[in-house]
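Position one of the sequence shown corresponds to residue 176 (our numbering), numbered consecutively onward.
All C-beta atoms in this analysis are idealised placements derived from N, C-alpha and C, irrespective of residue type, glycine included.
In what follows, a structure is listed as structure tokens, so that the remarks can point back to it.
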Amino acid sequence: MSKVSIIGVLGLLAAVAGAPAMAADYKIGVVAAVRVLEAAPQAEAAKKKLESEFAGKDKLLVAKQKELKALEDRAAKDGAIMSETERTRLERDIIEKRRELKRDSDEFREDVNFRRNEEFAKIQKQIVEAIQTIASEQKYDLVLGEGVIYASKAVDITDMVIERLKK
């Protein structure tokens, strides 16, 4: 081996050996985003807001389900004694009500998902801002979120973020 390659290998080993000592100079924090989202008062407020916003449509869907169930029960109970035209009309009504209920249910689900995503995006923005504020104030060099398998209590700043969101 030449002197240049031995010096290069020794320099590389020294750099690798010195890396853990340099890492100790950084302040690192970890945030459990799921826990923050569950504990954030903004999430509870958004949930209540969505529930009240969609309560009327939900009641309407429940009423339509009951109406359909009543028609199906009538068809099962009285179908044998009905005239052919009456039974056919009832079957058409049932089919039409099923289609309408499915369409309304799908529309309702899409509306709820859209609004939930809107509210969730607002909350996520507030969470990110709270994390950034804490990181800046407390002079963190790095704050990690999702994908962390283990973090000791010494680096976990989740509780600080939750407290910030409560203010």
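Residues bridged to residue i (per DSSP)
i, result
"Gly322", "Gly322 is not bridged to any residue."
"Ile203", "Leu317"
"Asp331", "Val205"
Exposure label - residue i; buried when at least 16 CB within 10 Å
i, result
"Ala336", "Per the sequence presented here, residue 336 reads as Val, with Ala not at that position. Answer is buried; the Cβ neighbour count reaches 16."
"Ser327", "exposed"
"Tyr325", "exposed"
"Val179", "With a pLDDT of 41 at Val179, under the threshold of 50, the modelled position of this residue cannot be trusted; read the value that follows with caution. So Val179 counts as exposed."
"Ala196", "The predicted position of Ala196 is uncertain, since its pLDDT is 45 and thus under 50; no value can be drawn from it."
"Ala215", "buried"
"Ile302", "buried"
"Thr308", "exposed"
"Glu338", "exposed"
"Thr333", "buried"
Residue i and residue j closer than 7 Å at C-beta
i, j, result
"Gln217", "Ile269", "no"
"Asp316", "Lys232", "no"
"Leu340", "Ala310", "no"
"Asp331", "Val205", "yes"
"Lys239", "Leu265", "no"
"Lys222", "Leu243", "no"
"Arg262", "Gly254", "yes"
Reference residue i, options the options, closest by Cα
i, options, result
"Asp281", "Leu236, Lys241, Glu226, Ala230", "Leu236"
"Arg290", "Ile302, Glu226, Ala250, Val303", "Glu226"
"Phe229", "Ser258, Ala245, Asp248, Asp279", "Asp279"
"Phe283", "Lys252, Asp200, Lys234, Ala329", "Lys234"
Open item on the list: Is it the case that the stretch 204-216 contacts the stretch 302-321, given that we only count it when at least three CB pairs across the two stretches are under 8 Å?
Closed with: These segments touch.
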